[in-house]
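Participant: My questions will all concern the structure given below.
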Amino acid sequence: MNTSGDRLRLMDISKSFGPIQALDHVTMTVVPGEVHGLLGENGAGKSTLLRILSGAFKPSDGHVEVDGVRLTSTGPVAARRAGIAMIHQELQHVPELTVAQNMFLGHPLKTGGLFVARRAQENAAAEALRSLDPTIDPAAPIRTLKVAQRQIVEIARAVMEDAKIIAMDEPTSSLTPAEFERLAVLIHQLAAKGVSIIYVSHKMDEVFQVCQAATILRDGRKVDEVRLAETTEQEVVARMVGRELATAHHRGFATDEIMLDVRGLSRGTAVQDATFQLRKGEVLGISGLIGAGRTELLRLLAGVDRPDAGEIRVEGHSIPTGRPRVAIAAGLGLLPEERKRDGIVARRSIRSNIGLASMKRFSRFGFVRRRALAAESEKLMREMNLRPLMIERPIGQFSGGNQQKAIIGRWIAAGARILLFDEPTRGIDVGAKAEIYSLIERLAAEGRSAIVVSSELPEILRVADRVLVMREGRIAGTLERDQLSEEAIVALAVPQSTDDTPIPQSRREA
Amino acid sequence: MSTTDGATLVPPRRSLSLSFGLRDAGTLLGLLAIVAVFAVLTPNFLTERNLLNILQQSSINACVALGMTLVIIAGGIDLSVGPTAAISAIAAAAMMIAGVPIELAIPAAVLLGAAAGAVNGMLVAYGGLQPFIVTLGTLSLYRASALIYTGGNPILGIPPQFRALFNSTVFGVPSAVVIVAVLALLVWVVLNKTPLGEYFLAVGGNEEAAHIAGVPVAMTKIASYMISGGLAAIAGLILVGRLGAADPTLGNLWELDAIAAAAIGGASLMGGKGSIVGTLLGAIILGALRNGLTLLNVQAFYQLLATGIIILVAMLIDRATRGRG
Amino acid sequence: MSTTDGATLVPPRRSLSLSFGLRDAGTLLGLLAIVAVFAVLTPNFLTERNLLNILQQSSINACVALGMTLVIIAGGIDLSVGPTAAISAIAAAAMMIAGVPIELAIPAAVLLGAAAGAVNGMLVAYGGLQPFIVTLGTLSLYRASALIYTGGNPILGIPPQFRALFNSTVFGVPSAVVIVAVLALLVWVVLNKTPLGEYFLAVGGNEEAAHIAGVPVAMTKIASYMISGGLAAIAGLILVGRLGAADPTLGNLWELDAIAAAAIGGASLMGGKGSIVGTLLGAIILGALRNGLTLLNVQAFYQLLATGIIILVAMLIDRATRGRG
Amino acid sequence: QNLKPLNSDTETDRMSWSELQSKLGDVPKAPAGTKIGGVSKTLTNEYWRALGEGYAAYAKKAGAEFVYQAAQSEGDQLGQLSIAENLISQGFDALLVSPQTDSNLQPALESAESAGIPVINVNDAVIPAARNYVGNVQRDNGVRVAKWFLDNRPNGGKVAVIEGQAGVFAAGQRTKGFSETISQGGKFKVVASVPGNWDRQVAYDAAATILQQNPDLVGFYANNDGMALGVMEAVKAAGLKDKVVVFGTDGISDAYASIKAGDLTGTVDSFPVLTGEVAVETALRLIGKQKLPRVVTTPQALITKDNVATYSVKGDELRKVLISAPAN
Ligand SMILES: Nc1ncnc2c1ncn2[C@@H]1O[C@H](COP(=O)(O)OP(=O)(O)OP(=O)(O)O)[C@@H](O)[C@H]1O
Ligand SMILES: Nc1ncnc2c1ncn2[C@@H]1O[C@H](COP(=O)(O)OP(=O)(O)OP(=O)(O)O)[C@@H](O)[C@H]1O
Ligand SMILES: [Mg+2]
Ligand SMILES: [Mg+2]
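Protein chains in written order, with our numbering: chain A, 475 to 984; chain B, 21 to 345; chain C, 21 to 345; chain D, 5 to 332.
Structure (structure tokens):
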């Protein structure tokens with residue numbers, strides 16, 4: 475029956491959202507035990523394809539075959555029954571339920587055929603989490619977890635399901651290299667057992683490390699399928715974006731003028747006694763392991779959380795803490811780590827989302843200058859290559875990467891002089907990443923300053939003039955540009971007392 | 021120059037089409053369905069005079085519902101509109117009888133309504149309480165204040181000039197309708213053209229994101245309740261003008277009608293979504309329903325039955341025309 | 021790599037602590053504050069007899085509020101509980117008078133309530149309408165059905181055995197209290213121990229996530245309304261037992277009290293959050309409030325005032341004890 | 005013994021308020037410490053406050069302690085029941101109740117009776133098992149207004165009724181009395197009979213719509229005065245004040261004022277203060293173990309511009325007026 479031996483066949487899949495043709499007759503096959511990459515720019519249609527596979531969307535055309543059998547019914551339950559599990563790009567959790575309950579949602583373990591076997595679920599969840607992150611408490615409500623931990627839960631959930639096919643949509647977007655390494659081991663084990671995996675990532679080094687083959691999408695069409703052993707990163711990227719990407723090198727614009735002076739900033743154990751300065755035109759990188767307190771530090775600077783102690787001075791003037799509006803007026807702007815929860819107003823247009831922080835600038839006599847805002851939004855989004863370039867469309871309908879571009883646009887429009895980027899290129903494609911790096915450089919050249927928190931070491935090395943390394947809430951050290959190396963950062967980031975934390979391997983340069 | 025990328029650029033739609041979108045068309049269809057049915061059943065329904073009558077009868081609910089829509093869009097709910105209207109109406113009446121000139125009594129009453137709204141808003145924004153509970157509490161509180169102040173008796177002796185203000189006609193249109201139309205236009209402008217409107221939509225759509233983006237979340241919420249309170253006060257004054265008495269029980273169950281109008285008009289009680297045009301249509305749907313049933317002299321029990329069925333059917337028609345949206 | 025095994029695994033917390041959390045402690049504190057105040061003001065308040073009295077008077081609202089809590093948790097709202105109780109009560113009364121044995125009439129009436137709930141649920145889940153509008157519509161519809169069927173007159177002549185069922189005491193505790201306590205336990209088990217309970221929380225907390233995870237979203241919503249309808253029916257039967265008559269206007273305003281109890285108990289009207297223990301405490305808070313104010317012989321207007329103030333203050337106390345959470 | 009379900013309008017075991025003294029003799033003196041409780045529907049309507057005034061005045065005169073409570077809103081059935089139960093548990097000697105519905109106070113009635121506390125149903129909804137009822141004949145309200153039309157508008161014409169809340173006993177009876185009486189002779193036609201929910205605003209809107217459809221209407225009958233005053237405003241706004249008459253029910257002070265001012269045509273006054281006094285008198289007689297008929301009827305009268313001055317009196321004065329007037 476299954477003569478070809480294909481585990482999965484996506485046949486001629488098309489999908490449109492109103493006027494947008496997200497997928498245009500895409501066909502793709504995966505054999506058992508294969509790890510198959512799915513590559514493409516933001517908005518290329520990767521997530522849409524996987525969501526059709528997992529039954530979250532109905533295709534407008536085409537069908538799915540598993541082991542040669544065509545899936546007749548659609549929907550998440552049918553997909554799961556067919557042996558398909560999925561790690562979603564936009565983490566979909568029920569905040570009030572526990573980790574274990576979220577992992578077993580929709581197919582709970584039962585006792586007595588009637589009740590949820592909580593203990594058994596928690597034990598199974600702990601088991602599934604063990605190899606990824608054993609510190610996650612399966613009984614904790616998932617809202618108390620940080621993004622990275624939630625992403626690990628999402629991975630563990632999919633892996634736990636004993637599926638034949640696992641679709642992973644940017645599973646490591648919030649993870650550090652250390653966690654990726656653990657996932658890579660897991661993927662190898664699964665593949666060895668014959669599980670087929672579709673792997674979506676914008677991190678080329680990861681794709682080359684775990685995948686054997688890759689399908690490349692551009693604007694909803696399949697443009698190529700490649701064996702990764704027979705090609706190079708440059709070639710793949712060129713197929714993805716349709717042109718060669720110039721590799722750029724770091725350029726510094728730091729001056730001697732102090733823009734931001736932070737003294738003794740503390741909040742609980744998350745951030746303790748943070749003291750540092752940021753100069754005009756400087757790009758300050760902040761590195762550290764998960765939970766090192768980087769996000770919390772940025773939130774304190776942006777006035778989102780109130781510090782227990784400490785002082786923030788902008789251009790020599792002390793500003794009141796704990797109030798976003800004050801911080802924004804002083805020229806600070808936060809690009810949050812959790813885009814969906816903290817960044818976007820999903821129903822509102824790209825234009826509205828961009829204008830939200832700069833209503834003063836874009837209003838006159840009490841009215842919003844819609845035209846001016848639209849013009850500015852369009853200009854910014856054209857520069858950042860928003861796809862599709864429709865600024866009146868609700869932001870919720872854009873791909874993750876494109877949403878990120880709009881939020882960056884928000885702060886540029888607001889004229890922020892100190893930009894606080896928390897994982898700025900999370901979920902952003904290689905082309906756009908390069909654009910964002912040059913954007914950050916352009917901002918620096920214009921005399922703005924930036925703090926860039928990133929878990930991607932290559933990214934930090936690429937953009938930062940200087941790097942602060944945080945460890946367990948404290949600033950463990952500062953590395954000047956000439957001292958910068960992955961090894962130096964890792965050495966500062968990892969707690970000295972315990973040596974059982976795995977040292978992330980050096981990764982290929984992007 | 022736009023050939024640089026393949027993406028097609030759709031020109032920004034005009035703002036009018038944005039504010040009278042598919043959703044409002046659905047509501048309009050629901051209204052037309054109801055009008056058609058009544059027009060067939062009773063010849064008096066489609067006369068100019070009766071249509072004006074419907075508008076007049078819908079005007080008070082529409083006025084309250086305008087404010088309710090803003091509150092709902094900003095993620096809240098205001099159950100206290102009726103009692104807010106009552107205290108404002110009583111204050112105006114008491115002032116006028118005490119000799120305060122009309123042109124002073126009216127703004128004072130509207131301010132009182134806004135102040136009552138501010139109390140709601142502050143309890144929600146600073147007290148961190150759920151809007152439903154807060155306004156359920158102030159619903160009792162404000163009503164009790166009205167009853168205690170008046171001893172339960174209506175205040176009579178409203179000056180004729182005041183009544184004339186609300187009972188005259190402008191080019192044949194009842195002044196109440198004109199007033200509410202003007203207010204609706206103002207609220208529409210606030211929602212669609214001003215920063216505050218953006219803030220309402222943002223706070224109701226994603227409060228955390230709005231906070232981080234520097235939106236003054238607390239002030240935005242308070243503003244929505246203040247506008248709601250002010251509009252409830254105006255509705256109360258219109259009613260006093262019409263009835264010639266400020267009754268402390270005035271505004272009973274207004275909250276239900278106003279929420280229904282907003283919801284029929286497409287406002288989501290989860291916040292972040294709502295339309296001024298839709299709300300007006302919603303209020304007119306409810307008004308037309310009552311008017312038509314009265315014209316048909318439907319017996320009380322069957323009026324109740326018809327109200328329930330017609331609301332559901334109108335909503336299903338609306339839904340069907342919009343598709344799954 | 022395998023050095024990770026050395027990491028300590030945090031032991032899963034017990035489920036009990038999860039279901040009587042900080043939030044419920046806050047509500048309890050609110051209740052205790054109210055009890056303390058009344059105990060000081062009137063000696064009659066803290067007698068055993070009066071406390072039982074309070075429980076009995078709270079039992080019907082508690083019963084309705086249990087179902088309301090589930091609906092709210094699942095992201096809905098049920099305004100039609102009162103009329104649902106009325107049609108069920110009337111059906112039971114009519115059947116018993118027609119000679120249907122009690123043990124048949126009771127389950128039939130409860131099923132009718134659940135069916136009324138199913139209609140709500142299907143209009144929400146399949147019709148895609150907003151819960152507020154749907155249940156506002158059926159509120160009229162069901163009430164009208166009750167009035168039309170009875171011609172507006174109460175049904176008298178309820179068999180004494182039926183009344184005895186709901187008017188007896190069990191070890192000195194009124195049977196209504198016992199029945200509602202048992203129902204509360206059942207609902208607690210459903211919410212906290214069964215897949216359905218998780219589905220309620222999931223659908224209300226994040227419908228999209230629930231759908232993706234394969235939760236039968238439509239069925240879950242319908243189930244919440246059916247349980248709410250069934251519990252409203254039982255509340256109606258308890259009331260018929262107490263009153264000895266099935267009145268078509270029975271259940272007037274129940275929805276407000278039930279929503280208030282749930283909200284005081286910590287249910288979020290945005291869905292995804294709520295507590296059975298909290299709701300029970302909420303119902304008792306409302307019952308104690310009424311009881312205490314009557315014992316103090318507070319005049320009606322001032323009762324209204326006190327109700328408003330006490331609800332707000334209790335909520336602020338609750339909020340303050342929980343901190344910024 | 006088992007009582008047959010009470011219909012206060014048709015019950016034969018009845019006596020007029022004016023006969024109490026002559027048939028039963030003096031009111032027994034209240035024992036020291038007598039506590040009488042009143043449970044009203046709502047205090048937001050003047051009618052119920054006036055009833056309470058009558059209660060309190062008579063209780064004070066008789067040296068009894070009196071407590072008057074009311075539900076927080078009209079239609080709050082369980083709240084009213086709680087109030088009644090709480091009063092019973094406090095050891096009152098008699099309870100005067102005006103129930104929201106025919107059945108919502110039944111448990112209170114039962115526990116009071118088992119505790120030997122007399123319960124008197126005062127007006128409005130009628131508890132079928134009530135042993136004692138004080139009040140007027142609800143149906144008679146409508147009949148009186150209908151008779152006015154038959155007497156004063158010999159040519160007949162179109163009339164309309166604004167009803168109270170759907171399903172409420174008093175509203176149904178008053179409407180029925182009016183409609184059935186006025187239809188006799190066939191000259192009048194009730195062109196509309198629609199709910200006004202006891203609400204001035206709703207009544208105004210309904211009246212405006214009816215007038216617009218029937219500009220030749222000759223009159224309105226509203227189930228209470230608040231609604232009638234709303235209707236009156238609608239009539240004035242339609243410019244039909246000279247052609248359309250408006251009648252209310254209850255006889256609240258605003259209605260009197262309106263009649264005097266020449267607006268409202270009339271109201272059926274059921275003399276709430278006096279009714280309250282009679283109710284307490286009945287309670288004291290019951291506490292004093294006198295045997296009373298099941299229904300004690302209280303007076304009512306159609307007040308129009310012609311007799312409004314006569315009835316604008318209080319206390320003993322009013323009693324004299326009523327006793328001397330025929331058919332009260
Ligand atoms: N729910 C939706 N409604 C409307 N349009 C949508 C929706 N989801 C996706 N799209 C559109 O479909 C296209 C493909 O989006 P998709 O999310 O599949 O891209 P992607 O390749 O996963 O991008 P990214 O790398 O940014 O995650 C985009 O143009 C997007 O705007
Ligand atoms: N809401 C919260 N409640 C309690 N503790 C918190 C909260 N948020 C963060 N923390 C604690 O603060 C510390 C720093 O977390 P933070 O999110 O700032 O780290 P991070 O370096 O940005 O990590 P990540 O890579 O996960 O974003 C963590 O130890 C965490 O336990
Ligand atoms: Mg994607
Ligand atoms: Mg972080």
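For every residue, glycine included, the Cβ atom is placed at its ideal position computed from N, Cα and C.
For Asp98 (chain C), return the contacting residues in chain D, with the cut-off set at a CB-CB distance below 9 Å.
Facilitator: Near Asp98 (chain C) there are no residues of chain D at all, since even the closest Cβ is about 18 Å away, more than 9 Å.
Participant: Rounded to whole angstroms, what's the CA-CA distance from Leu28 (chain D) to Leu322 (chain D)? Just pull it up for me.
Facilitator: Rounded to whole angstroms, Leu28 (chain D) to Leu322 (chain D) spans 22 Å at the Cα level.
Participant: Under three-state DSSP, which class holds Glu718 (chain A)?
Facilitator: Three-state result, Glu718 (chain A): coil.
Participant: When you compare only the Cα positions, how much space is there between Lys318 (chain D) and Glu237 (chain D)?
Facilitator: When rounded, the distance between both Cα atoms is 29 Å.
Participant: Quick one: which chain B residues come within Cβ less than 9 Å of Asp258 (chain D)?
Facilitator: Correct list: Asn173, Pro174, Leu176, Ala265.
Participant: Secondary structure at Ser165 (chain C), three-state DSSP: helix, strand or coil?
Facilitator: DSSP places Ser165 (chain C) in helix when its eight states are reduced to three.
Participant: Under the criterion of a Cβ to heavy atom distance below 7 Å, does Asn169 (chain D) qualify as lining ligand 3?
Facilitator: Per the sequence shown, residue 169 (chain D) should be read as Gln rather than Asn. No - ligand 3 has no heavy atom lying nearer than 7 Å to the Cβ of Gln169 (chain D).
Participant: Listing by chain order, which chain A residues have their CB less than 9 Å from the CB of Thr214 (chain C)?
Facilitator: Those within 9 Å of Thr214 (chain C) in chain A are Pro582, Lys584, Leu588, Phe589, Val590.
Participant: By the three-class DSSP mapping on this structure, what secondary structure does Gln746 (chain A) have?
Facilitator: Strand at Gln746 (chain A).
Participant: Taking only beta-carbon atoms, is Gly280 (chain D) less than 8 Å away from chain C?
Facilitator: So no, Gly280 (chain D) is outside the interface.
Participant: Verify the CB distance criterion: does Ile279 (chain C) have a CB-CB separation below 8 Å to chain B?
Facilitator: So, interface residue.
Participant: Can a CB atom of chain C be found closer than 8 Å to the CB of Thr327 (chain B)?
Facilitator: Judged by the 8 Å Cβ criterion, Thr327 (chain B) is in contact with chain C.
Participant: Assign Arg948 (chain A) to one of three DSSP states: helix, strand, or coil.
Facilitator: Strand.
Participant: Which residues count as close to ligand 3 when the rule is a CB under 6 Å from any of its heavy atoms, in chain order?
Facilitator: With the cut-off at 6 Å, the residues found are A:Lys520, A:Ser521, A:Gln563, A:Asp643, A:Ser873, A:Gly874.
Participant: With 7 Å as the limit, tell me which residues of the segment 209 to 224 of chain D have their beta carbon closer than that to any beta carbon of chain B; keep them in chain order.
Facilitator: Hits within the stretch, in order: Asp209, Ala210, Ala212, Thr213, Ile214, Gln216, Gln217.
Participant: With a cut-off of 8 Å on the beta carbons, I'd call Asp896 (chain A) and Leu808 (chain A) a contact; round off their distance for me.
Facilitator: So it is a contact: roughly 7 Å between Cβ atoms.
Participant: Give the residues of chain C in contact with Ile331 (chain B), contact being defined as C-beta atoms less than 8 Å apart.
Facilitator: Within chain C, the residues near Ile331 (chain B) are Ile153, Leu156, Gly157, Ser160.
Participant: Could you tell me the distance, in whole angstroms, from the CA atom of Gly192 (chain B) to the CA atom of Lys293 (chain B)?
Facilitator: The alpha-carbon atoms of Gly192 (chain B) and Lys293 (chain B) are separated by roughly 35 Å.
Participant: Name the residue from D:Thr269, D:Gly146, D:Glu15, D:Ala54 whose alpha carbon lies nearest to the alpha carbon of Thr308 (chain D).
Facilitator: Among D:Thr269, D:Gly146, D:Glu15, D:Ala54, the Cα nearest to that of Thr308 (chain D) belongs to D:Thr269.
Participant: State the Cα-Cα distance for the pair Arg34 (chain B) and Arg844 (chain A), rounded to the nearest angstrom.
Facilitator: Interpretation of Arg34 (chain B) is limited by its pLDDT of 41, a score under 50 that renders its predicted location unreliable; the figure taken from the coordinates is listed afterwards. Arg34 (chain B) and Arg844 (chain A): Cα-Cα distance of roughly 11 Å.
Participant: State yes or no: is the C-beta of Pro862 (chain A) nearer than 7 Å to some heavy atom of ligand 1?
Facilitator: Yes - ligand 1 has a heavy atom lying nearer than 7 Å to the Cβ of Pro862 (chain A).
Participant: Relative to ligand 1, is the shortest distance from any of its heavy atoms to the C-beta of Gly901 (chain A) smaller than 7 Å?
Facilitator: Yes, Cβ of Gly901 (chain A) sits closer than 7 Å to a heavy atom of ligand 1.
Participant: Compute the Euclidean distance between the alpha carbons of Gly41 (chain D) and Ala278 (chain C), then round it to the nearest angstrom.
Facilitator: Each residue's Cα considered, the two are about 29 Å apart.
Participant: Select from B:Ala106, B:Ile153, B:Thr327 the residue whose C-alpha is nearest the C-alpha of Ala265 (chain B).
Facilitator: Ranking B:Ala106, B:Ile153, B:Thr327 by Cα distance to Ala265 (chain B) puts B:Ala106 first.
Participant: I'd like to confirm something about Gln871 (chain A): is its beta-carbon nearer than 7 Å to some heavy atom of ligand 1, or not?
Facilitator: Checking every heavy atom of ligand 1 against the Cβ of Gln871 (chain A), one is found closer than 7 Å.
Participant: If you draw a straight line from the alpha carbon of Ser274 (chain D) to that of Asn140 (chain D), how long is it in whole angstroms?
Facilitator: For Ser274 (chain D) and Asn140 (chain D), the distance between alpha carbons rounds to 7 Å.
Participant: Return the Cβ separation of Trp21 (chain D) and Thr301 (chain D) in integer angstroms, given the expectation that the two are a contact with Cβ distance under 8 Å.
Facilitator: That belief holds up - the Cβ atoms of Trp21 (chain D) and Thr301 (chain D) are roughly 6 Å apart, short of 8 Å.
Participant: Around the C-beta of His567 (chain A), are 16 or more other C-beta atoms found within 10 angstroms, so that it is buried, or is it exposed?
Facilitator: With 16 or more Cβ atoms within 10 Å of its Cβ, His567 (chain A) is classed as buried.
Participant: List, in order along the chain, the chain A residues whose C-beta lies closer than 8 Å to that of Ile232 (chain B)?
Facilitator: Residues of chain A passing the Cβ test: Ala776, Val778, Pro798, Leu808, Pro810, Asp816, Gly817.
Participant: Check whether the Cβ atoms of Leu132 (chain B) and Ala111 (chain B) lie closer than 8 Å to each other.
Facilitator: Yes, Cβ-Cβ distance for Leu132 (chain B) and Ala111 (chain B) is below 8 Å.
Participant: Tell me whether Ala282 (chain B), by its Cβ, gets closer than 7 Å to a heavy atom of ligand 1.
Facilitator: It does not: the Cβ of Ala282 (chain B) is nowhere closer than 7 Å to a heavy atom of ligand 1.
Participant: Are the CB atoms of Glu218 (chain C) and Gln575 (chain A) within a distance shorter than 8 Å?
Facilitator: Their beta carbons are under 8 Å apart, which means Gln575 (chain A) touches Glu218 (chain C) by this criterion.
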